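Down below is the structure, laid out as structure tokens.
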Amino acid sequence: PAPQIAEPAVAQAVAPQQVIQQQNINAPAPVVTQPAQAEAAAADTPKVEVESPVPMAPQVDLNSFIAKLTNPDYEVQANAMEEIANMVKDEPQKATELLDEKVINALTTIVNNDSSKLAGPTAEQIAARQKLMKGEQLSEADKKLATTITPMEQSERNKSYAMFTASIMQKLYGDEVAKLTGSTVPLTELPGAVTIVEQLKNNPNPMVRTSAIEALSYIQQPAYKQDLNTLFTIAKNDQDKNVQEAAAAALDKLSKMEEPAAKPQPALNPQQPTAQAA
Numbered sequence: 002p003a004p005q006i007a008e009p010a011v012a013q014a015v016a017p018q019q020v021i022q023q024q025n026i027n028a029p030a031p032v033v034t035q036p037a038q039a040e041a042a043a044a045d046t047p048k049v050e051v052e053s054p055v056p057m058a059p060q061v062d063l064n065s066f067i068a069k070l071t072n073p074d075y076e077v078q079a080n081a082m083e084e085i086a087n088m089v090k091d092e093p094q095k096a097t098e099l100l101d102e103k104v105i106n107a108l109t110t111i112v113n114n115d116s117s118k119l120a121g122p123t124a125e126q127i128a129a130r131q132k133l134m135k136g137e138q139l140s141e142a143d144k145k146l147a148t149t150i151t152p153m154e155q156s157e158r159n160k161s162y163a164m165f166t167a168s169i170m171q172k173l174y175g176d177e178v179a180k181l182t183g184s185t186v187p188l189t190e191l192p193g194a195v196t197i198v199e200q201l202k203n204n205p206n207p208m209v210r211t212s213a214i215e216a217l218s219y220i221q222q223p224a225y226k227q228d229l230n231t232l233f234t235i236a237k238n239d240q241d242k243n244v245q246e247a248a249a250a251a252l253d254k255l256s257k258m259e260e261p262a263a264k265p266q267p268a269l270n271p272q273q274p275t276a277q278a279a
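Plus 1 on top of the position in the sequence shown (first one is 1) and you've got the working numbering.
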């Protein structure tokens, strides 16, 4: 009976050891290697994500400009428009961030403001201004009265500012579209251009009509020549002398505008068959 018990015991002892050894040797190898590779890959990924957003930061506080343009204080509006004009002149690429519908709408609102309900100069103010223009002696109180700008005058002045600001934005917009697409934006599709034309035709204030002419003259180019020529010719017959002079100057500038250089394609066409025949 003793040998029969000993043989199974040896077999049972050996068999489990072989199974355990195979599990201990084979299993840990992939478990250790895979996390190391995953950690290395994870460590590399965030570096790309951190660097990419940096160029996306805006250079202009758009909401700040909109807030200033819509501020009821006429001087705040005027200062904002001057700031925009200087930015377009000095940093045109930065100013492209202001080519926003809300900015154009704010400028259009300034132009369309109904100033007829605002307080204008009083009779005493007008008299003091006339004396000042004649060089007569005025008291300090009268000087202050003569030089104070009324709300109506501030509104009308800002209309002129807004049209000029809109015109430089229109030119910037047109230039950017030309760079990207090689095409010209039609005059009537320039943001705010229709509003300026309406002011030229209908505004009762000759100063505003004059400013409208100057704004349209600023954006002139060959593609707009026919339309602008029509507008300026009509304005040349305006009842106000200053408007007439502004229209005449705009027409003169328009007539001196250089036409775009002729494209070379037509000149090359006759040469192509000659080269082939030779």
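Note that beta-carbon positions come from the ideal geometry of N, C-alpha and C, so glycine has one too.
Given the structure is predicted, the values throughout are model-derived calculations rather than measurements.
- A direct Cα-to-Cα measurement between Ala81 and Ile197 gives close to 19 Å.
- Scanning its chain for C-beta atoms nearer than 8 Å, with the 5 sequence neighbours on each side dropped, one finds around Gln171 the residues Leu191, Pro192, Gly193, Ala194 and Ile220, in chain order.
- When the Cα atoms are used, Gln240 and Thr211 turn out to be separated by approximately 12 Å.
- For the options Arg130, Lys226 and Ala68, the alpha carbon positioned closest to that of Lys145 is the one of Arg130.
- When the Cα atoms are used, Ala58 and Ala213 turn out to be separated by approximately 36 Å.
- In its chain, beyond the 5 residues on either side, Thr151 and Met153 have a beta carbon closer than 6 Å to the beta carbon of Gly121.
- Rounded to the nearest whole angstrom, the C-alpha separation of Val186 and Ala224 is 9 Å.
- The alpha-carbon separation between Ala251 and Ser140 amounts to approximately 42 Å.
- Distances from the CA of Ala96 to each of Glu157, Ile105 and Ala86 were compared; the closest alpha carbon is that of Ala86.
- The alpha helix (DSSP H) runs lying completely inside the region 104-158 and spanning 4 residues or more are 124-135 and 141-148, given in chain order.
- Runs of the alpha helix (DSSP H) lying entirely within the region 229-264 and spanning at least 4 residues, in chain order: 242-256.
- Secondary structure note for Asp91: its alpha helix (DSSP H) is the uninterrupted segment Tyr75 to Asp91.
- Residue state for Gln222 is assigned as coil, using DSSP reduced to three classes.
- DSSP places Ser65 inside the alpha helix (DSSP H), whose first and last residues are Leu63 to Leu70.
- Ile127 and Gln155 have their C-alpha atoms roughly 16 Å apart.
- Pairing Tyr162 with Glu215 gives a Cβ-Cβ distance that is not under 9 Å.
- Boundaries of the alpha helix (DSSP H) harbouring Leu201: Ala194 to Asn203, taken from the DSSP string.
- DSSP places Val186 in the coil class of the three-state scheme, outside both helix and strand.
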